[in-house]
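Residue numbers (the working numbering), protein chains in the order written: chain A, 12 to 135; chain B, 11 to 170; chain C, 65 to 177.
We treat Cβ as the ideally placed atom computed from N, Cα and C, and that holds for glycine.
Note that the structure is predicted; figures quoted are calculated from it, not measured.
Encoded as structure tokens, the structure appears first; notes follow it.
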Amino acid sequence: MKLREVKEILDADVIVGQEKLDMEVKTAFGADMMSDVLAFAKAGSLLLTGLTNTQVIRIANVLDIAAIILVRGKKPQTEALALAKELQIPILITKYILFETAGRLYVKGIVGCLEQVEDHSAHN
Amino acid sequence: MVAWNKLKITVHTTKTENYLYTNSFDIEGGNFSKAGTIATGIKSILKELGLPNDVVRKSAIVCYEAEINVVSYARKGFINLTVTPKTVQIEITDEGPGIPDIELAMEQGYSTANQQIREMGFGAGMGLYNINCYSDKFDISSEVNKGTFLKIIINTPQCI
Amino acid sequence: MDIETIAKKLNLEVRSASDRLKNNVTGGYTGDLLSDVMANSHEGDIWITRQVHQNIVAVATLKEHAGIILVNSCEPARDTLEKAIQEKIPIMVSNLPAFELTGAIYNLLGKKD
């Protein structure tokens, strides 16, 4: 689906990346632990998180994440916002909690970026 | 859990090889607002060198985790990056508390992180584990109260 | 819906308090930051997390969660398990990542906010 539909499903505000709403997204990863994101999230996925610091933006950059969805209506820290603009990483803010956010996207057909965690080395 | 005997330990033998790029980057211990800047910088350097995307990604992840470790635990450190036609070599040296039990520290889920680090989304005990997983060769040595040294090699599959 | 139904449908492995699987699940909360879970989750939630240290039992007890599901095949730490048995908090393990597990439970609960 297009990022625009993600925005609608989540009733989200786009605070960075208004011009990227036609981007296609298929997969998502949800976590508050950044090392898990580094271990498992795939390039081109949506990143659903409650963290708002600059590290989230840097990790999204390192992993080529398609867009960051901040849950619970959380706003990125000032520095994080500036960095996201600089690196052109879309940020959407939804008022829903992570449970609701993941649930809504899942029932609309977004899938996880990996099916299950067993052999870590296979996810390199 | 990663078994100690599964670690990809190697001896550095590429010193005489031609390199495409080499540089050193300082890491400031305790400065979380700057943490990750070196990894993102290294990522753009590797991209500009025209390395394959997965090599760039793996290298950036390894640098990122190592950088976070230095910021979280050490007083200071530096990353040496050397790119050869066949490999990306990343060496991280820090002055810090060292790791008393490396085998334990390599385990997925083992962490000595404090609450502050955890609330920032780190300290899940995945750092060294991730570095090992994303490396083609990984060597670690540490001395308590002195510091830790990591050497990582990521192979570039095709000639560039 | 009770925990037992969810555990069966999603192949969860129960690690503690298997006598409390009739606990009713009224909602879900997914999150790894303890302060966030403390502040925002509700009584009767099934808590989905990757944190394995013993503080999760304290949070689940205080917030009266129906149970905890650990994702990414994470196993509870030993003291976590001891605490969970003592406090009668069901801890289950799933090999799914948080996104898929949350999606599947959301589907089962057929829940809107």
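Check this for me: beta carbons of residue 109/A and residue 43/A, under 9 Å apart or not? The sequence position of residue 109/A within the first sequence is 98, counting from 1. The sequence position of residue 43/A within the first sequence is 32, counting from 1. Against a cut-off of 9 Å, the Cβ pair of residue 43/A and residue 109/A comes out as a contact.
Amino acids of chain C, ordered along the chain, whose beta-carbon sits closer than 9 Å to that of residue 81/A: By 1-based counting over the first sequence, the position of residue 81/A is 70. Result: empty, since nearest Cβ-Cβ is about 12 Å, beyond 9 Å.
Should the segment 114-124 of chain A be called in touch with the segment 86-95 of chain A, which here means at least 3 C-beta pairs below 8 Å? These segments do not touch.
Between the Cα of residue 86/B and the Cα atoms of 131/B, 115/B, 107/B, which residue gives the shortest distance? One-based indexing of the second sequence puts residue 86/B at position 76. Shortest Cα-Cα distance from residue 86/B to any of 131/B, 115/B, 107/B involves 107/B.
Buried or exposed for residue 69/A, please, with buried defined as at least 16 other CB atoms from any protein chain shown within 10 angstroms of its CB. Along the first sequence, one-based indexing puts residue 69/A at 58. Buried, because 16 or more other Cβ atoms sit within 10 Å of the Cβ of residue 69/A.
Any chain C beta carbon closer than 9 Å to residue 137/B: Translated into the one-based positions of the second sequence, residue 137/B becomes position 127. Interface criterion not met: the Cβ of residue 137/B is under 9 Å from no Cβ in chain C.
From residue 50/A to residue 136/B, what distance separates their C-alpha atoms? Taking the first residue of the first sequence as position 1, residue 50/A is located at position 39. Taking the first residue of the second sequence as position 1, residue 136/B is located at position 126. Each residue's alpha carbon lies about 8 Å from the other.
Between residue 176/C and residue 111/A, what straight-line distance do the alpha-carbon atoms span, to the nearest angstrom? Counting from one through the third sequence, the residue named residue 176/C turns up at place 112. Counting from one through the first sequence, the residue named residue 111/A turns up at place 100. With a pLDDT of only 43 at residue 176/C, under the threshold of 50, the placement of this residue in the model should not be trusted, and no figure is reported.
Comparing alpha-carbon positions, which option in 96/B, 142/B, 146/B, 109/B lies nearest residue 155/B? As a working mapping, residue 155/B is identified with position 145 in the second sequence. Residue 109/B is the option with its Cα nearest to residue 155/B.
Looking at the C-beta of residue 46/B, does it have a partner C-beta in chain A at a distance below 9 Å? Residue 46/B sits at position 36 when you count from the first residue of the second sequence. Chain A contact via Cβ: present.
Can you tell me the Cβ-Cβ gap for residue 148/C and residue 94/C, rounded? I've got them flagged as a contact below 8 Å. For the purposes of this step, residue 148/C is taken as the residue at position 84 of the third sequence. For the purposes of this step, residue 94/C is taken as the residue at position 30 of the third sequence. Taking the Cβ atoms as the reference, residue 148/C lies roughly 19 Å from residue 94/C, outside the contact range of under 8 Å.
Closer than 9 Å, CB to CB, is residue 134/B near chain C or not? Numbered from 1 along the second sequence, position 124 holds the residue referred to as residue 134/B. For residue 134/B, the nearest CB of chain C lies under 9 Å from its own CB, placing it at the interface with that chain.
Could you tell me the boundaries of the alpha helix (DSSP H) in which residue 156/C lies? Locating residue 156/C in the third sequence gives position 92, where the first residue counts as 1. Under the DSSP assignment, residue 156/C falls outside any alpha helix (DSSP H), being part of the beta strand (DSSP E) whose first and last residues are 155-157.
Sorted by chain position, which residues of the same chain lie with C-beta nearer than 6 Å to residue 74/C's C-beta, five sequence neighbours on each side aside? For this step, residue 74/C is matched to residue 10 along the third sequence. If you ignore the 5 residues before and after residue 74/C, its C-beta comes within less than 6 Å of the C-beta of 168, all in its own chain and listed in chain order.
Please check if any C-beta of chain B sits within less than 9 Å of the C-beta of residue 65/C. Locating residue 65/C in the third sequence gives position 1, where the first residue counts as 1. Under the Cβ criterion of 9 Å, residue 65/C is not counted among the residues facing chain B.
Cutting at 8 Å between CB atoms, please list the residues of its own chain near residue 70/C, excluding the five before and the five after it. As a working note, residue 70/C is residue 6 in the third sequence. Cβ neighbours of residue 70/C beyond the five flanking positions: 76, 89, 110, 169, 172.
Does residue 39/A pass the burial test, meaning 16 or more other C-beta atoms within 10 Å, or should it be called exposed? The residue given as residue 39/A occupies position 28 in the first sequence. So residue 39/A ends up on the buried side.
Identify the contact partners of residue 171/B in chain C, using a Cβ-Cβ distance below 8 Å as the criterion. The first residue shown for chain B is 11 and the last is 170, placing residue 171/B beyond what the model contains.
Can you find at least 3 beta carbon pairs, one from the segment 129-145 of chain C and one from the segment 157-169 of chain B, that sit closer than 8 Å? Because the criterion of three Cβ pairs below 8 Å is not met, the segment 129-145 of chain C and the segment 157-169 of chain B do not touch.
Does the CB of residue 104/A have a neighbour CB from chain B at under 9 Å? Here residue 104/A refers to the residue found at position 93 when the first sequence is read from its first residue. It does not; no Cβ of chain B falls within 9 Å.
Chain B contacts made by the segment 87-107 of chain C, where a contact means CB separation under 7 Å: Those would be 97, 99, in chain order.
Over what stretch of residues does the beta strand (DSSP E) that includes residue 4/B continue unbroken? Since the displayed chain B opens at 11 and closes at 170, residue 4/B lies outside it and no answer follows.
With a floor of 3 residues, list each beta strand (DSSP E) that falls wholly inside the segment 28-69 of chain B, ordered by position along the chain. Assignment of beta strand (DSSP E) within the segment 28-69 of chain B, counting only whole runs of 3 or more residues, yields 31-38 in chain order.
Where residue 129/B meets chain C, residues with beta-carbon distance less than 7 Å: As a first step, residue 129/B must be located in the second sequence, where it is residue number 119. What residue 129/B touches in chain C: 97, 99.
In its own chain, which residues sit with a C-beta less than 7 Å from the C-beta of residue 176/B, not counting the 5 before and 5 after it? Nothing about residue 176/B can be read from this structure; chain B reaches only from 11 to 170.
Interface partners of residue 130/C on chain A, CB under 9 Å: Within the third sequence, the letter at position 66 stands for residue 130/C. Under a criterion of Cβ atoms nearer than 9 Å, no residue of chain A is adjacent to residue 130/C; the nearest Cβ is some 13 Å distant.
With contact counted as at least three CB pairs below 8 Å, one residue from each stretch, are the segment 51-69 of chain B and the segment 120-139 of chain B in contact? Result no; under three Cβ-Cβ pairs closer than 8 Å.
Going along the segment 62-73 of chain A in order, which residues come within less than 8 Å of chain B, judged by CB to CB distance? Of all residues in the segment 62-73 of chain A, 62, 64, 65, 66, 67, 69, 70, 72, 73 have a Cβ within less than 8 Å of some Cβ in chain B.
Is there a Cβ from chain A that is less than 9 Å from the Cβ of residue 85/C? Residue numbering aside, residue 85/C sits at position 21 when the third sequence is read from its first letter. It does not; no Cβ of chain A falls within 9 Å.
By how many angstroms is the C-alpha of residue 89/B removed from the C-alpha of residue 34/B? Within the second sequence, the letter at position 24 stands for residue 34/B. Within the second sequence, the letter at position 79 stands for residue 89/B. Computed Cα separation, rounded: 6 Å.
Restricting to runs no shorter than 3 residues, where is the beta strand (DSSP E) found entirely within the segment 73-102 of chain C? Entirely contained in the segment 73-102 of chain C, the beta strand (DSSP E) runs reaching 3 residues are, in chain order, 91-94.
If you run the structure through DSSP and keep just helix, strand and coil, what is residue 114/B? Here residue 114/B refers to the residue found at position 104 of the second sequence. Reduced to three states, the DSSP call for residue 114/B is helix.
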